[in-house]
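Q: Each residue of the sequence shown is one higher than the last, beginning at 371 in our numbering. By construction, the Cβ of each residue, glycine as well, lies at the ideal position given by its N, Cα and C atoms.
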Amino acid sequence: MVVFHSIYKIKAKGVAPTRWTDQQNSVIHQNPGHTVVYATPGSGKTAVLTEHIHQVLNKKFVAPDQILALTFTRQAAKEMKLRLQRMETSLQRSVESLRIGTFHSQVFQWLLRQQTSVPQLLTPLEQRQWIAKAMKITGDKRLRDPRQMTSVLSRYKSHFPAPTLPQSVQSLVNRYEIMKRTANRWDFDDILLVGYRLLTAHAEAGLHTFPVQYILIDEFQDTNEIQWKILVRLMAMAKAQIFVVGDDDQSIYAFRGSSPHWLLEADKVLPGVTRHELTENFRSDCCIVSHAAALIHHNQKRAEKSWRVHSKESGICQVFYPSDEVVQAKTLSQSIAFDAQANQTIAVLARTRQQLVDTYHVIPVLQRSQAEFRTFHESKGREWDVVHILDSSRLLRIQGSPEHAKEEEERRLFYVAMTRARRQLQIYSPLIIKGHRSTQNPFLSEAKFIP
């Protein structure tokens, strides 16, 4: 059941809290141990995780050099370390001893410490070029898009053992791997694969070469299978405790092998695990949270949660039905101009980059400069006062493509886009797109925009 109620305990995001909420305090002061924290959008999860690390250091529960904090982007790792450095000057030396970084960077550094010969990594551009060359060599005309095949390869290598592929794709993968071995090169995904194999070999030999007692992971819903297996191996080798924070409803990177399954799995299999929830939204006004919660409740493979709304404002949530893309762009332009006068931060979001490009070039230059244009994936972790979602009537047409996940992933993606809004959420559903009558996006009725 979807539950809504409002409480007013701390100031909105961006302002230092007068105090932590009871939910947040229970996470912050949790003693080191296997812990799973489910955190809904706008609940301050990264701030809470960082404060928890601060408390662990302050109370000397774990030696700083035995703590490993993992994120999924270099920027997130940099921001976490910066937050910790600003908290307390007396802990500066402890913070410097922490290992903070992405899965890939930390495994890469460990491989170097093991004196493993690490070949030069392919750049993303080089990888696409090599895959294109492998496609040309294999000669299968059904495989045409190197970018798409890069995603397929990344998903393939995120599993261990590797899954069975169609023969045409397997031939391509084999050719690509031969090319890499011949040139003594790795791609980005090889770091974790080789790291896991070496960890396994060390464990079987009784070697404990990755000293760590406490592993903390932010955005755990973005974990894939090989990352999960590395964590399980570290738990066994080093008797490490795992502390994870995430939201299965915001798992949107299936194209690279990520799945909410591992967050849900951690909740079940970590021995003696403590479960927490952060459910109070400090970002969005009431109607935004209400519609978003109604939408995501339709997903079946998820953890049930309640939602609390900190704001006492109802907010503005609207769906527009312009006759076509031209009218959509005109309406969008007028809205941006109006909101910009009120110094509102504005985002224009769409499912694909092409949808953004189509709209960007038909609105006036001034309005372009007053808003940020982002895909749904690029909007993750961001927030704006006003969010416009374009072309909602053609979102689900993409689902048939093999590089995208199915309906529940698309629903999570739309949910993420909706929950980027603080004050206003405006969704556009053109009646005609590219000269063809569009169909109604079922997400709008699921989110209770349509009676």
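With which residues is Val-543 paired in a DSSP beta bridge?
A: In DSSP, Val-543 forms no bridge with anything.
Q: Once the 5 residues before and after Gln-425 are set aside, which same chain residues still bring their CB inside 7 Å of it?
A: Ile-398, His-399
Q: If I follow the unbroken beta strand (DSSP E) through Gln-688, where does it start and stop?
A: Gln-688 -> beta strand (DSSP E) spans 686-690.
Q: Compare the C-alpha of Gln-597 against each of Asp-560, Gln-583, Ala-571 and name the closest.
A: Asp-560
Q: Would you give the residue range spanned by the beta strand (DSSP E) that Phe-613 belongs to?
A: 611-616
Q: May I ask you to list the residues that DSSP assigns as paired with Glu-650?
A: Glu-650 is bridged to Arg-678.
Q: Helix, strand or coil for Gln-620? Go by DSSP, reduced to three states.
A: DSSP, reduced to helix, strand and coil, places Gln-620 within a helical segment of the structure shown.
Q: Hey, how far is the Cα of Leu-454 from the Cα of Arg-444?
A: 16 Å
Q: Pick out whichever of Ala-717, His-572, Phe-690 has its Cα sitting closest to the Cα of Gln-484.
A: His-572
Q: Taking the C-alpha atoms as reference points, what is the distance between Gly-751 and Val-757?
A: 14 Å
Q: Can you grab the Cα-Cα spacing for the pair Thr-472 / Arg-645, in whole Å?
A: 24 Å
Q: Does Glu-466 pass the burial test, meaning 16 or more other C-beta atoms within 10 Å, or should it be called exposed?
A: It counts as exposed.
Q: Only counting the same chain, and skipping five residues up and downstream in sequence, which positions put a Cβ closer than 7 Å to that of Lys-818?
A: His-661, Ala-664
Q: Can you tell me whether Gln-597 is helix, strand or coil according to DSSP?
A: helix
Q: Looking at Ser-749 and Arg-782, is the spacing between their C-beta atoms short of 8 Å?
A: no
Q: Using the Cβ count rule (16 or more neighbours within 10 Å means buried), how would you classify Asp-392?
A: exposed
Q: With distances taken Cα to Cα, identify the nearest neighbour of Gln-740 among Thr-405, Trp-480, Ala-712.
A: Ala-712
Q: Quick check on DSSP: helix, strand or coil for His-758?
A: strand
Q: Alpha carbon to alpha carbon, what distance is there between Val-614 and Glu-496?
A: 34 Å
Q: State the DSSP-derived secondary structure class of Gln-794, mapped to helix, strand or coil.
A: strand
Q: Three-state secondary structure (DSSP) at Glu-778?
A: helix
Q: Please report how far the alpha carbon of Ser-413 lies from the alpha carbon of Phe-478, in whole angstroms.
A: 32 Å
Q: Looking at the secondary structure, which residues open and close the beta strand (DSSP E) in which Leu-640 lies?
A: Looking at the DSSP string, Leu-640 is not in any beta strand (DSSP E), and its letter there is neither H nor E.
Q: Would you check whether the ligand ZN has a heavy atom nearer than 7 Å to the C-beta of Ala-664?
A: Looking for the ligand ZN in the displayed structure turns up nothing, as the structure carries no ligands at all.
Q: With DSSP run on the structure shown, which of helix, strand or coil describes Arg-744?
A: strand
Q: Taking its Cβ as the centre, do 16 or more other Cβ atoms sit within 10 Å of Leu-760, making it buried, or is it exposed?
A: buried
Q: Please report how far the alpha carbon of Ala-699 lies from the alpha carbon of Pro-734, in whole angstroms.
A: Within the model, the alpha-carbon separation for Ala-699 versus Pro-734 is close to 10 Å.
Q: On the DSSP bridge list, what partners appear for Ile-716?
A: Val-756
Q: Please report the straight-line C-alpha distance between Asn-428 and Val-643, rounded to a whole angstrom.
A: 23 Å
Q: Could you tell me whether the Cβ atoms of Ala-610 and Ile-587 are closer together than 8 Å?
A: no
Q: Figure out for me which residue from Asn-554, Ser-621, Glu-780 has the closest Cα to the Cα of Ala-409.
A: Nearest option by C-alpha distance: Ser-621.
Q: Less than 7 Å between C-beta atoms, sequence neighbours within five positions excluded: which residues of the same chain meet that for Tyr-526?
A: Ala-532, Pro-533, Leu-535, Val-543
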